[in-house]
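**Q**
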Amino acid sequence: LRYLCPYKFLECKAFSAIGLFFVVTIAIKLLKFIYVTFLRSPVNWEKYGLRSGGWVIVTGATDGIGKEFAKQFASKGFNIFLVSRSQTKLDDISKEIRNINQSISKAKTETREFSRLKAAISEVKSYILINNVGVANDLPRLFNEEKEEMIEKLIQINVTGTLEMTKAILPIFVAQKNGFILTVGSFAGEFPMPYLQTYGAAKAFLKMWSLSLNREVSKDGIHVELLNTSFVSTKMSKLKPSFMAPSAKEYVEHAMKKIGISSFTTPYWPHAIAYLVSISVPSCLRTMKRVMKMAAKEK
């Protein structure tokens, strides 16, 4: 039979190989997901200056995720350097965090004031940078209807501000052969985002920039990581807390147990499941469609 129908035999072998490859790929992703999400030990924060006077620099520190990172790092015993565009909010969050940890510095920053910020950073013994600053569209719009000011704002704050901040701190980390740079990313950078195209593109840029930078500086003892974030209940998102949109406090509590090890992390496990499904199911359906199409030709 094999001699009479060699091509059909080879096609069956090919289908079997495709199926096996798909199953193995999904199994590896699933095992990695289980390990990273539920089994992996958290990072030892003493590596980054805990109990030795280390400072954590947090941008966008006056609301939401950034504020919670500042509070939770302070509760561990780190000194906190707050960066924000609002002096009033900086004063308020400073008072709140001083109730947790007395050692705190703050800095209001705008593009024209960045040189002063660099000077202030050089005066503290920092080991961790949290690139949290960000802004989203006020409303979803077609690109040709979006205001030029909003496009510029999305790029300036989400991209340029993050790069400038990292550029300022990186020489310090390289000199001390130790540092951790965490950038808050978004699911919006993983998939096409019609009507939020510039915001999604900015987040996609940050992902590839972060992964690339990690490969550059890992040899210098510096860890760079992207925090893959879906819906979180914050002032910016305007969402109420729910299972799939945790509060900033709950989200950061999960993040603190997962960050500092991988270059790309989805710390909140319901988000991680959603992400795993989103990157696995489409490829599965495409593979099944091709196999069914090829099988139909044989009938």
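Just so we're aligned, residue 1289 is where the sequence shown starts under this note's numbering, counting upward by one.
For glycine and all other residues, C-beta sits at the position ideal for the given N, C-alpha and C.
Can you round the beta-carbon distance between Ile-1388 and Ala-1362 to whole angstroms, since I take them to be within the 8 Å contact cut?
**A** Correct: roughly 4 Å between the Cβ atoms.
**Q** From the DSSP secondary-structure annotation, give me the bridge partner or partners of Glu-1513.
**A** In DSSP, Glu-1513 forms a bridge with Leu-1470.
**Q** Which term fits Leu-1318, buried or exposed, when burial requires 16 or more other beta carbons within 10 angstroms of its beta carbon?
**A** Burial call: exposed.
**Q** Measuring straight from C-alpha to C-alpha, what distance separates Ala-1315 and His-1559?
**A** If you take the alpha carbons of Ala-1315 and His-1559, they lie about 19 Å apart.
**Q** Per DSSP, Ile-1381 is paired with what?
**A** According to DSSP, which records beta bridges pairwise, Ile-1381 is partnered with nothing at all.
**Q** In the DSSP output, which residue or residues are listed as bridge partners for Asn-1419?
**A** Partner(s): Thr-1471.
**Q** Are the segment 1372-1384 and the segment 1424-1441 touching, with three or more C-beta to C-beta distances below 8 Å?
**A** They do not touch, by the three-pair rule.
**Q** Looking at the secondary structure, which residues open and close the alpha helix (DSSP H) in which Leu-1501 lies?
**A** Taken as a continuous stretch (DSSP letters only), the alpha helix (DSSP H) holding Leu-1501 covers 1485-1505.
**Q** Would Ile-1322 be called buried (16 or more neighbouring beta carbons within 10 Å of its own) or exposed?
**A** Counting Cβ neighbours within 10 Å, Ile-1322 comes out exposed, since fewer than 16 surround it.
**Q** Give the C-beta separation of Thr-1486 and Leu-1442 to the nearest angstrom, bearing in mind that I take them to be a contact with Cβ-Cβ under 8 Å.
**A** With a Cβ gap of about 5 Å, Thr-1486 and Leu-1442 count as contacting.
**Q** Do you know how far the Cα of Phe-1326 is from the Cα of Val-1311?
**A** About 22 Å.
**Q** How about Ile-1353 and Val-1565: do their beta carbons lie closer than 8 Å?
**A** In this structure, Val-1565 does not lie closer than 8 Å to Ile-1353 by Cβ.
**Q** On a Cα-Cα basis, can you pick out the residue from Lys-1537, Asn-1446, Ala-1536 that is closest to Asn-1493?
**A** Before going further, note that residue 1493 is Phe rather than Asn in the sequence given. The residue with the shortest Cα to Cα distance from Phe-1493 is Asn-1446.
**Q** If contacts are defined as beta-carbon pairs under 8 Å, then Ile-1418 and Thr-1347 qualify, I think. What distance do you get, rounded to the angstrom?
**A** Contact holds; Cβ gap of about 7 Å.
**Q** Give me the residue from Leu-1338, Ala-1424, Ser-1414, Ser-1550 with the minimum Cα distance to Ser-1393.
**A** The shortest Cα separation from Ser-1393 among Leu-1338, Ala-1424, Ser-1414, Ser-1550 belongs to Ser-1414.
**Q** If you follow the alpha helix (DSSP H) that Gln-1464 is part of, which residue opens it and which one closes it?
**A** Note, Gln-1464: alpha helix (DSSP H), 1449-1464.
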